[in-house]
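Notes follow once the structure below has been shown.
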Amino acid sequence: MNSPNVPVIAVKGISKWFGSVVAVNDVSLSIDPGITGLLGPNGAGKTTLLKMIEGLASPSDGTVTIFGQTPRNNPALHRRIGVMSEHEAVYGFQTGRQFVEWSAKLHGVAATAEATALAIERVGLADAQNRPLGTYSRGMRQRMRLAATIVHEPEAIILDEPLNGTDPRQRIEFHDLMRQLADEGRTILISSHILEEVETLADRILLMVSGKLAASGDYRAIRAKLDEQPYSVRIVTSDSRKIAAALVELDSIESVSIGAEDDVIVLSKNVAVLQRSLPRIAKDRGIRLERVEPLDESLESVFSYIVES
Amino acid sequence: MAEIFLLSLRQLLGRWRLIVILLLAALPSLLVLLIRAIGEGEMAFHGEFVGVVIDAMITGGIMPIVTMTLATAAFGNELEDKTLYFLVLKPVSRVSIVLAKLLAVLVVALPLVIASGVVASALVNAEAQQMGILAIALAAGVTAYASVFTLAGLLTPRALAYGLVYVLVWEGLLSTIVSGIGYLSVRGYTLALLHGMDESSFAVFEGRVIEFPAAIVGTVVVIAAFFLLALYRLRTMDVP
């Protein structure tokens, strides 16, 4: 097992760029046993970060260690790690059981048949195990891939968007299984672009936006931190001057200006307050809200998160 | 390694790929049978047969194309299907992965290409020794091409298209008209090995092939160098 003082996964100043595109920018984090959710919109750099943690990609800068060892070109370390990538591809000619058994054998599992049966039982696919994977539904494929990921009882499990294609009942079963695995002392890192998927599951959330680690902590702390960030918001209404005059009286508003298209540009220190106040102010003054949108492109997806959740 | 080898073998034996390479491999024998059927007389294992069937047809076309079709798919399929991560995230050395893939290619390509040459030769009453020499030279050529194209499959998703251009232009055209290219041509090595092992049966190559020792060294160097390059590529690439 890992030394108690060393995090299971340690990422220090890691960056990855492809030509002039920076996918991950100077991210540092540490992950301990339990469930950690890696949250962020599509294109935030989650998968690139996970690939570097898994050893599939080399960082342009910075270091990654798992159990104190670098994962890149370190086959022996992979006995202790289970990885399920975002790609849903499988070897379609294999049956579910053959696929999981193949994974067990390559991981050097001694009692292959027993381990395979247990892993398939855990994901609830015993009835379908002898069917070719090519005939599975998307959700079933995901679950059988999960079985192959955990068949060797890894100490650390990394899952990239594992809930894609699963239905609500399968998600509940997935949550239960992750909780069981975490209770056994394993370290689980799950990425998702949907807040609701991980907020009830993860002990800790890492939020990535535009290649950077924007926040980390428990779900409520992150929500609070997001709410404190200043945002530029563009508002189109039926009466720009009247809404601007009302908004400028709010404590959380830093500035209000009227744009060239008779729209209102608001810089808010607390977007949650703006969200709550804006509809009330408009209603009280008989103003029709036509459009509300973030202006700062890099924060657009964060803003979407808050608005949507 | 056995698990990866068996999986790779199953991947390579896709129905359409198998049909195409079987048809290709059967062409020399079909040609001999066709010539017999239309009454053009018996072909013998010398002169015209060696020049047309062994050289132009087998070493210039069937051997590289059959091997290329299989070898570019060895890693190409994994990259295209995004399944390569299944392999590289297992506690298995990179050497074992490349070796398993290469062996799977050879297990399919060697019997096909050797049978292609040997059966056609048997149909023109070749002697056992001539067929044995042909089998050895073709085995060397197939192994060298397998090493080259296994790397190509790791380098680009268009390995088959680039490989075809290489086979037709470099191996098919330039190696036959520019003498120095024989030192840098797998086809050139194969023909030189045939000539070096049996000068009288393969006299048609006299004066247009490189020295026998150079062919042996060239073949070994190509096999080893491209295997190591494939290994290096697998170790350093970002896996999708």
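First to last, the sequence lines map onto chains H and W. The first sequence runs 1 to 309 under this note's numbering. The second sequence runs 310 to 549 under this note's numbering. For each residue, glycine too, the CB sits at the ideal point set by N, CA and C. Just so it is clear, the structure is predicted and the values come from calculations on it, not from any experiment.
- Chain order gives the chain W residues near Trp102/H as Glu312 and Leu316, where near means a beta carbon separation below 8 Å.
- By the beta-carbon neighbour count (other beta carbons within 10 angstroms, threshold 16), Ala111/H is exposed.
- Look at Gln129/H here: in three-state DSSP terms it is coil, with no helix or strand label.
- Comparing alpha carbon positions, the residue from Phe314/W, Leu537/W and Met546/W closest to Trp102/H is Phe314/W.
- Within the segment 213 to 294 of chain H, the alpha helix (DSSP H) runs of at least 4 residues that lie entirely inside it are, in chain order, 219 to 228, 240 to 247 and 271 to 285.
- For Gly96/H, the closest alpha carbon among the candidates Thr70/H, Pro75/H and Val123/H is that of Val123/H.
- Taking the CA atoms as reference points, Gly82/H sits about 52 Å from Ala282/H.
- Within 10 angstroms of the beta-carbon of Ser338/W lie 16 or more other beta-carbons, which makes it buried.
- Under the DSSP assignment, Met506/W falls in the alpha helix (DSSP H) whose first and last residues are Val495 to Met506.
- Residues of the segment 78 to 89 of chain H with a C-beta atom less than 7 Å from some C-beta of chain W are His78, Arg79, Val83, Ser85, His87 and Ala89, listed in chain order.
- Using a CB distance cut-off of 9 Å, Gly45/H does not count as an interface residue toward chain W.
- In the DSSP secondary-structure assignment, Met208/H is bridged to Leu213/H.
- Scanning Leu502/W, Phe354/W, Ala382/W and Ala455/W for the CA closest to the CA of Arg467/W turns up Ala382/W.
- In the three-state reduction of the DSSP assignment, Gly348/W falls in the coil class.
- By a beta-carbon distance limit of 8 Å, Ala44/H does not contact Val266/H. Their separation comes to about 25 Å.
- Interface residue (Cβ-Cβ distance to chain W less than 9 Å): Tyr91/H is classified as such.
- Not one beta carbon of chain W lies nearer than 9 Å to the beta carbon of Glu254/H.
- For Pro420/W, the closest alpha carbon among the candidates Val451/W, Gln438/W and Ile374/W is that of Val451/W.
- In the three-state scheme derived from DSSP, where H, G and I count as helix and E and B as strand, Thr187/H is classed as strand.
- Chain W places no beta carbon closer than 9 Å to that of Asn5/H, leaving this residue out of the contacts.
- As summarised for the segment 440 to 476 of chain W, the continuous alpha helix (DSSP H) elements at least 4 residues long and confined to that stretch are 468 to 474, given in chain order.
- At least 9 Å separates the beta-carbon of Ile287/H from that of Ile253/H.
- Scanning its chain for C-beta atoms nearer than 6 Å, with the 5 sequence neighbours on each side dropped, one finds around Ile205/H the residues Gly37, Leu39, Tyr219 and Ile222, in chain order.
- Closest by C-alpha distance to Glu357/W, out of Ser425/W, Val478/W and Val433/W, is Val433/W.
- Shortest Cα-Cα distance from Leu159/H to any of Ile120/H, Arg143/H and Ile172/H involves Arg143/H.
- From the beta-carbon of Ser402/W, the residues of chain H found nearer than 8 Å are Pro75.
- Val11/H is the residue among Pro33/H, Val11/H, Gly34/H and Ile35/H whose C-alpha sits nearest the C-alpha of Leu50/H.
- About 6 Å separates the CB atoms of Val404/W and Leu540/W; that is less than 8 Å, so the two are in contact.
- Separation of the CB atoms of Ser192/H and Glu155/H is rounded to 22 Å, and the pair is thereby denied contact status at 8 Å.
- Within the same chain, Phe535, Leu538 and Ala539 come within 6 Å of Leu460/W by CB-CB distance, once the 5 residues on both sides are set aside.
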